[in-house]
Amino acid sequence: QQQVKQSPQSLIVQKGGISIINCAYENTAFDYFPWYQQFPGKGPALLIAIRPDVSEKKEGRFTISFNKSAKQFSLHIMDSQPGDSATYFCAAKETGNQFYFGTGTSLTVIP
Amino acid sequence: DAGITQSPRHKVTETGTPVTLRCHQTENHRYMYWYRQDPGHGLRLIHYSYGVKDTDKGEVSDGYSVSRSKTEDFLLTLESATSSQTSVYFCASNSESNQPQHFGDGTRLSIL
Chain B
30 QQQVKQSPQS LIVQKGGISI INCAYENTAF DYFPWYQQFP GKGPALLIAI
80 RPDVSEKKEG RFTISFNKSA KQFSLHIMDS QPGDSATYFC AAKETGNQFY
130 FGTGTSLTVI P
Chain A
12 DAGITQSPRH KVTETGTPVT LRCHQTENHR YMYWYRQDPG HGLRLIHYSY
62 GVKDTDKGEV SDGYSVSRSK TEDFLLTLES ATSSQTSVYF CASNSESNQP
112 QHFGDGTRLS IL
């Protein structure tokens with residue numbers, strides 16, 4: 030059973046456009062929500078993260094929006110660039126040690 | 012990066028053979044993790060360690076064992092490899108459980 034549901038599976042965006050990736054969860058014990066970026070042949074790298082007491086966090090062109098009541102969170106990439114083409118994973122951690130990852134979104138930004 | 016090295020980076024082996032993957036970190040992180048990455052499943056936790064000789068199971072631990080005899084090394088062993096264990100394996104570490112995990116670049120394992 031997938032603890033964190035991620036959509037879409039793949040996304041194609043024009044350069045300069047906005048990329049939006051969504052994740053949903055059911056476990057109310059989750060207390061930390063990171064997003065990871067992964068390039069081919071590399072391990073995932075932390076992009077941005079949020080905790081449930083905050084509704085939005087912005088770092089440069091990357092923004093996490095968090096809706097605690099709906100149990101949903103999303104990643105917005107503003108002014109998307111070809112260099113942003115990668116696979117993105119959302120994740121959630123419950124109190125303790127275990128992280129649960131979404132199934133990933135393959136983003137392609139067309140020049 | 013957190014200085015995590017995985018070895019080997021690629022391995023091809025036959026069904027029924029034992030396989031050991033190694034993860035080495037230079038950050039003195041307390042926590043270490045082994046994941047497998049498969050299309051349509053994302054990353055799934057196999058085992059993790061919260062200190063030397065302290066390990067616990069993740070959501071897909073069947074057929075795998077781990078050992079951690081030193082802070083910097085975390086070994087993943089497939090006692091008798093099966094084709095269903097063909098995957099890309101990632102090691103990760105963090106200093107505290109509520110901190111971001113840092114990942115290695117993975118081991119691509121093919122079991123024929």
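Each protein sequence line maps, in turn, to chains B and A.
The first sequence begins at 30 in our numbering and counts up one residue at a time.
The second sequence begins at 12 in our numbering and counts up one residue at a time.
Think of the CB as a built atom: it goes at the ideal place given N, C-alpha and C, for glycine as much as any other residue.
Just so we're clear, the structure is a prediction, and the values are computed from it rather than from any experiment.
| said: Less than 8 Å between CB atoms is the rule here; does A:Ser108 satisfy it with respect to chain B? | reply: yes
| query | To which residues of the same chain is A:Thr121 closer than 6 Å at the C-beta, ignoring the five residues directly before and after it? | reply | For the record, residue 121 of chain A in the displayed sequence is Ser; it is not Thr. For A:Ser121, where only same-chain residues beyond five positions count, the Cβ hits under 6 Å are Val23 and Thr97.
| Through-space distance from B:Ser48 to A:Glu83, alpha-carbon basis | 38 Å
| message | Below 8 Å on the Cβ atoms is my contact criterion, and I expect B:Ser114 with B:Gly46 to pass it. Report the Cβ-Cβ distance as a whole number of Å. | response | Contact doesn't hold; Cβ gap of about 13 Å is too wide.
| field | Neighbourhood of B:Ser39 by C-beta distance below 6 Å, restricted to the same chain and skipping five residues each side | value | Ser135
| field | Per-residue burial, B:Thr57 [other beta carbons within 10 Å of its own, 16 or more giving buried] | value | Exposed, since its Cβ has fewer than 16 Cβ neighbours within 10 Å.
| request: Find the residues of chain B that neighbour A:Pro19, judging by a C-beta separation of less than 9 Å, and give them in chain order. | output: By Cβ distance, chain B contributes nothing, its closest Cβ being about 14 Å from A:Pro19, past 9 Å.
| request: Would you kindly work out how many angstroms separate the C-alpha atoms of B:Gly125 and B:Ser36, rounded to a whole number? | output: 26 Å
| Same chain, Cβ closer than 7 Å to B:Phe59, five either side skipped, listed in chain order | If we look at B:Phe59 and ignore the five residues flanking it on each side, its Cβ neighbours are Ala121, Lys122 and Glu123.
| Does the beta-carbon distance from B:Tyr65 to B:Phe118 come in below 8 Å? | Yes; because the gap between Cβ atoms is below 8 Å, this pair is in contact.
| field | 3-residue-minimum beta strand (DSSP E) runs that sit fully inside the stretch 55–118 of chain A, ordered along the chain | value | 65–68, 75–81, 84–89 and 98–105
| Interface flag, B:Leu75 vs chain A, CB-CB below 8 Å | For B:Leu75, the answer is yes, since a Cβ of chain A falls inside 8 Å of its Cβ.
| task | Select from the stretch 77–89 of chain A all residues with a C-beta closer than 9 Å to any C-beta belonging to chain B, and list them in chain order. | result | none
| task | Please list the residues of the stretch 54–73 of chain A that have a C-beta atom closer than 9 Å to any C-beta atom in chain B, keeping them in chain order. | result | Residues of the stretch 54–73 of chain A whose Cβ lies closer than 9 Å to any Cβ of chain B, in chain order: Leu54, Arg55, Leu56, Tyr59, Tyr61, Asp67, Gly69 and Glu70.
| What does B:Ser98 pair with, by DSSP beta-bridge criteria? | As far as DSSP is concerned, B:Ser98 takes part in no beta bridge.
| said: Classify A:His21: buried if its beta carbon has 16 or more other beta carbons within 10 angstroms, exposed otherwise. | reply: exposed
| request: Note the first and the last residue of the continuous beta strand (DSSP E) segment covering B:Thr137. | output: Thr134 to Ile139
| task | Indicate the three-state DSSP secondary structure (helix, strand or coil) for B:Pro63 in the structure shown. | result | Residue state, collapsed to three classes: strand.
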